[in-house]
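**Q** I am attaching a structure below and will ask some questions about it afterwards.
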Amino acid sequence: TCQVHFESSNWKSLSIKRLTDSRLHGSTGLRSGSQANFFPPLEDAMLPSGSFNNRMALITGGGTGLGRAMTATLSQLGAQCIIASRKLDVLQRTAEEISSQTGNKVHAVQCDVRDPQAVSQCVDQIEALTGLPDVIINNAAGNFVCPSERLSPNAWKTITDIVLNGTAFVTLELGKRLIQNQKGASFLAITTIYAESGSGFVVPSASAKAGVEALYKSLAAEWGRYGHRFNIIQPGPIRTKGAFSRLDPTGAFEKAMIDRIPTGRLGTPAEIANLAAYVSSNYASWMSGAVIRFDGGEYVSLAGEFNELRSVTPDQWKLLEAMIRKTKGS
Ligand SMILES: CC/C=C\C/C=C\C=C\C(=O)SCCNC(=O)CCNC(=O)[C@H](O)C(C)(C)COP(=O)(O)OP(=O)(O)OC[C@H]1O[C@@H](n2cnc3c(N)ncnc32)[C@H](O)[C@@H]1OP(=O)(O)O
Ligand SMILES: NC(=O)C1=CN([C@@H]2O[C@H](COP(=O)(O)OP(=O)(O)OC[C@H]3O[C@@H](n4cnc5c(N)ncnc54)[C@H](OP(=O)(O)O)[C@@H]3O)[C@@H](O)[C@H]2O)C=CC1
């Protein structure tokens, strides 16, 4: 039976008490993670094979993590891919591995997106290798958790240069050349759910990702006339070495994240790769200016003022309901 003593009628103190009381914690059966069984991730490519035949795709940061997964899916669906980032050895290894699995060529091009000259040279190289791409995925990013009072000017500049300026340099350089060549394209930016809400402890990333969203929504309006679509995916937490080593270095944060995600689990790289492939494909040719949150419900879970009441047990609800019903008038 439930042994909760109500010291006040404040539901928040009740909820916090429950979360820290191990005798009660197991009793709801709701937060055990078993709800993830309702939402199993599917790992195979969703679109028909050949959906990207004769199409060229550029994926920045395509050597690792989510960019690598998107490259693998696009390549499997027939695209010729170009992956670009700073570490050529990592890019070459990924390119060879994916190519050998899919039979479609993956090119590795070194590029630091913070440097507009390097971006221009990278696009020269791409033009020579494959011609201008039909699909551009701005996925490269930098981030780390840090109290804002500890950030140096260079720390701020490093993150905002990669995320906002890097995305702008790649997008503008390719956009101008595509316009000159009268070629249409799909642009996709990978942001994050806190681009919308802001978030403490990742302030340069939050500011830059919000800027990326403004850039993409603005260009969706301006460059439709040139045949360009611009869309945004905001992922929730998906385990990658790059993200988790910098945002949850001890691993202590992961359980709390899973507990607040209504689907009871992290996302997988293959799931976001399927969504990115759809958004970048001709099946989504009417989609532009869209912001797609892909987070298992984490954002709304964090936002709702009363969502902590999930941890109230049925017995506790009986008590709460009796208290509420006893109230007469205001
Ligand atoms: C758990 C996940 C849940 C949710 C995820 C949600 C959103 C995720 C968003 C993401 O973007 S995840 C992707 C993360 N991936 C990466 O960050 C990969 C690339 N990152 C890097 O290469 C580095 O981490 C980098 C961003 C710091 C850039 O490397 P670079 O070599 O160019 O920089 P420096 O090492 O020279 O540092 C520049 C500048 O920053 C200061 N700095 C670096 N780390 C920290 C830190 N941890 N705390 C405070 N400051 C830091 C460093 O000191 C330099 O400043 P100064 O010159 O010293 O002033
Ligand atoms: N994983 C997650 O939970 C979430 C991820 N995201 C977003 O997903 C995207 C991928 O992140 P994820 O795969 O997790 O992390 P990774 O660290 O694996 O990916 C980041 C990529 O960006 C590249 N990169 C970093 N700096 C530069 C630069 N200056 N020039 C060119 N490329 C650069 C890196 O390659 P290199 O080091 O070779 O330059 C790396 O391949 C990012 O936009 C991130 O913000 C958003 C929300 C959640």
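Under UniProt numbering, the residues of the sequence shown are numbered 1 to 330, in order.
Note that beta-carbon positions come from the ideal geometry of N, C-alpha and C, so glycine has one too.
Note that the structure is a prediction, hence the values are computed from the model and not measured.
By the three-class DSSP mapping on this structure, what secondary structure does residue 280 have?
**A** helix
**Q** Quick check on the DSSP output: the alpha helix (DSSP H) that includes residue 137 runs from which residue to which?
**A** Residue 137 -> not in any alpha helix (DSSP H); beta strand (DSSP E) instead, spanning 135-138.
**Q** For residue 122, which of helix, strand or coil comes out of DSSP?
**A** helix
**Q** Residue 278 and residue 284 look like a contact to me (Cβ under 8 Å); what is the Cβ gap, rounded to whole Å?
**A** 6 Å
**Q** Here's a check: name, in chain order, each residue in its chain whose Cβ is nearer than 6 Å to the Cβ of residue 92, leaving out the five neighbours to either side.
**A** If we look at residue 92 and ignore the five residues flanking it on each side, its Cβ neighbours are 108.
**Q** Tell me the rounded alpha-carbon separation between residue 39 and residue 263.
**A** 6 Å
**Q** Just the C-alpha distance for residue 27 and residue 317, rounded to the nearest angstrom, thanks.
**A** The pLDDT assigned to residue 27 is 31, lower than 50, so where the model puts this residue is not dependable, and the model offers no usable value.
**Q** Going by the beta-carbon positions, is the gap between residue 139 and residue 190 smaller than 8 Å?
**A** For the 8 Å CB-CB criterion, residue 139 and residue 190 form a contact.
**Q** Looking at the secondary structure, which residues open and close the beta strand (DSSP E) in which residue 85 lies?
**A** 80-85
**Q** Under a three-way DSSP split, which group does residue 239 fall into?
**A** coil
**Q** So, under 8 Å CB-CB, residue 213 and residue 291 are touching, yes? Tell me the CB distance rounded to an integer number of Å.
**A** 7 Å
**Q** Would you say the beta carbon of residue 143 is closer than 7 Å to some non-hydrogen atom of ligand 2?
**A** Indeed, a heavy atom of ligand 2 lies less than 7 Å from the Cβ.
**Q** Return the Cβ separation of residue 168 and residue 215 in integer angstroms, given the expectation that the two are a contact with Cβ distance under 8 Å.
**A** 6 Å
**Q** Using a Cβ-Cβ cut-off of 6 Å (strictly less than) and excluding sequence neighbours within five positions of residue 110, which residues of its own chain qualify?
**A** 88
**Q** With burial defined as no fewer than 16 other Cβ atoms inside 10 Å of the residue's Cβ, what is the status of residue 255: buried or exposed?
**A** exposed
**Q** Can you say whether residue 130 is buried or exposed, counting buried as having 16 or more other CB atoms within 10 angstroms of its CB?
**A** buried
**Q** Check each candidate in 82, 243, 74 and name the one with the smallest Cα separation from residue 122.
**A** 82
**Q** What does the alpha-carbon distance come out to for the pair residue 305 and residue 188?
**A** 32 Å
**Q** Does residue 114 come out as helix, strand or coil in the three-state DSSP assignment?
**A** coil
**Q** From what residue to what residue does the alpha helix (DSSP H) around residue 323 run?
**A** 314-326
**Q** Taking the C-alpha atoms as reference points, what is the distance between residue 193 and residue 232?
**A** 11 Å
**Q** Assign residue 327 to buried or exposed, taking buried as 16 or more other Cβ atoms, counted over all protein chains shown, within 10 Å of its Cβ.
**A** Around the beta carbon of residue 327, fewer than 16 other beta carbons lie within 10 angstroms, which makes this residue exposed.
**Q** Less than 7 Å separating the Cβ of residue 242 from some heavy atom of ligand 3?
**A** Looking for ligand 3 in the displayed structure turns up nothing; the ligands present are ligand 1 and ligand 2.
**Q** Please name the residue, chosen from 226, 258, 260, 315, that lies closest to residue 134 on a Cα-to-Cα basis.
**A** 226
**Q** Taking all protein chains shown into account, decide if residue 180 is buried (16 or more other Cβ within 10 angstroms of its Cβ) or exposed.
**A** exposed
**Q** Alpha carbon to alpha carbon, how far is residue 63 from residue 182? Give it in angstroms, no decimals.
**A** 30 Å
**Q** Would you say the beta carbon of residue 150 is closer than 7 Å to some non-hydrogen atom of ligand 1?
**A** yes
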